[in-house]
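Just so you know, we're using UniProt numbering here: the sequence shown kicks off at 1 and counts up by one.
All residues carry an ideal CB built from backbone N, CA and C; glycine is no exception.
Data first, discussion second: the structure below is written as structure tokens.
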Amino acid sequence: MLKIKKLSDIPIRDACEVWNQGFVDYYVNMQMTVSQFTFRLGWDELSPDYSFIAYYNGLPAGIILNGINELNEKRVAWNGGTAVAFSFRGKGIAKKLMESTVALYKQENVDTASLEAFTVNERAIRLYESFGYRVADELVFLKKTESKENNPDSMLEMPGYSIHHGLAHDIRELSFYQHDAPWKTLWNFIRNGESIVMKDENEKAAAYALFQKKNGNIILYQCAADERRPNKPELFQYLIDYLQQTESRIISTYNLPGKNQFLINILEKAGFKQEFADQKVPLKQVWMKKEIP
Numbered sequence: 001m002l003k004i005k006k007l008s009d010i011p012i013r014d015a016c017e018v019w020n021q022g023f024v025d026y027y028v029n030m031q032m033t034v035s036q037f038t039f040r041l042g043w044d045e046l047s048p049d050y051s052f053i054a055y056y057n058g059l060p061a062g063i064i065l066n067g068i069n070e071l072n073e074k075r076v077a078w079n080g081g082t083a084v085a086f087s088f089r090g091k092g093i094a095k096k097l098m099e100s101t102v103a104l105y106k107q108e109n110v111d112t113a114s115l116e117a118f119t120v121n122e123r124a125i126r127l128y129e130s131f132g133y134r135v136a137d138e139l140v141f142l143k144k145t146e147s148k149e150n151n152p153d154s155m156l157e158m159p160g161y162s163i164h165h166g167l168a169h170d171i172r173e174l175s176f177y178q179h180d181a182p183w184k185t186l187w188n189f190i191r192n193g194e195s196i197v198m199k200d201e202n203e204k205a206a207a208y209a210l211f212q213k214k215n216g217n218i219i220l221y222q223c224a225a226d227e228r229r230p231n232k233p234e235l236f237q238y239l240i241d242y243l244q245q246t247e248s249r250i251i252s253t254y255n256l257p258g259k260n261q262f263l264i265n266i267l268e269k270a271g272f273k274q275e276f277a278d279q280k281v282p283l284k285q286v287w288m289k290k291e292i293p
């Protein structure tokens, strides 16, 4: 017998257990302790009141995590993970979890919902499409090792522009900040996030990079330029060159939108390569969105 319950109504240990069982054969390591799971809920703004656990014959069998927030005067929702334990697959549990989620979104007056799925996970993508989600973009993971190429002190400046270091939240008010982006690449979800902003001679922001330093490496989450600037490629090139002057041994991108082709071309020319999971599966996702009627 299948029962769907809210995460807020069940023991957190059950939720963590089914999460780990559901992602035991995933493309990347998603295993967590109870403490790590609880911390992630808070940091990623995933609400137990908006998330669901499926029980099959009294055993935790599936999970879906959801967050809902206000963004640009709209209610937006994001899926923080959907998984069914291996021994319970093929019983329609993921479909029931999605039905509960979409019903909740409507009840909570959500305008837009989004999620990410690995491109190789065709079964999951078909499930989401059956609920009205459509692919909005393809997300790529690129990586370059031994990024330090030159002495930082010898780096050439870009005439008419200056670099300003800051924290992740410093770019949130920029007119060209990418609000409409995969949720884990937004400034408020990046732990200890940093930013660099390029400003012109009039102190007007022209471009920025949003990143995180982790274990001596850099993870790039966003890189954007003011669309009104005719020299966008040069601005991107300078930001990437600047990041490569750091002491970091590895620079990688996280859920980089494929539509940002200018940036991808620059990264590939700089030696960035497609990243792969342990199973030799390309780390590539689709970003899916759904308008809630």
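- The beta strand (DSSP E) with residue 140 in it runs from where to where? 134-140
- Query: Touch check for the region 265-280 and the region 233-250: three-plus C-beta pairs under 8 Å?
  - Reply: yes
- Item | Nearest to residue 48 (by Cα), restricted to the options 176, 79, 134 | 79
- Message: Spatial neighbours of residue 108 within its chain, please: C-beta separation below 6 Å, excluding the five flanking residues on both sides.
- Response: 68
- When 236, 276, 194, 200 are compared against residue 170, the one with the closest alpha-carbon: 194
- Item | Beta-carbon separation (whole angstroms), residue 168 vs residue 210, contact threshold 8 Å | 6 Å
- Message: Checking 7 Å against the spacing of the C-beta atoms, do residue 133 and residue 290 come in under that value?
- Response: yes
- Query: Looking only at its own chain, which residues have a Cβ that is under 7 Å from the Cβ of residue 150, when we skip the five neighbours before and after it?
  - Reply: Because the pLDDT at residue 150 is just 48, under 50, the model does not fix this residue reliably, and the point stays unresolved.
- What residues in its chain sit with their C-beta under 8 Å from that of residue 258, if we drop five residues either side in the sequence? 137, 138, 139, 140, 264
- Are the Cβ atoms of residue 217 and residue 248 separated by less than 7 Å? yes
- Task: Using the Cα positions of residue 76 and residue 104, report the straight-line distance between them to the nearest angstrom.
- Result: 12 Å
- Message: Could you check whether residue 135 and residue 294 sit closer than 7 Å to each other, using their CB atoms as the reference points?
- Response: The structure shown does not extend to residue 294, since the chain spans only 1 to 293, so no value can be given for it.
- Message: Whether or not the region 86-100 and the region 2-15 are in contact is what I'm after, with contact meaning three or more pairs of Cβ atoms, one per stretch, closer than 8 Å; do they touch?
- Response: yes
- Task: State yes or no: is the C-beta of residue 24 within less than 7 Å of the C-beta of residue 60?
- Result: no
- Query: Looking at residue 85 and residue 31, is the spacing between their C-beta atoms short of 7 Å?
  - Reply: no
- Item | Cβ contact check for the region 222-231 and the region 196-209: 3 or more pairs under 8 Å | yes
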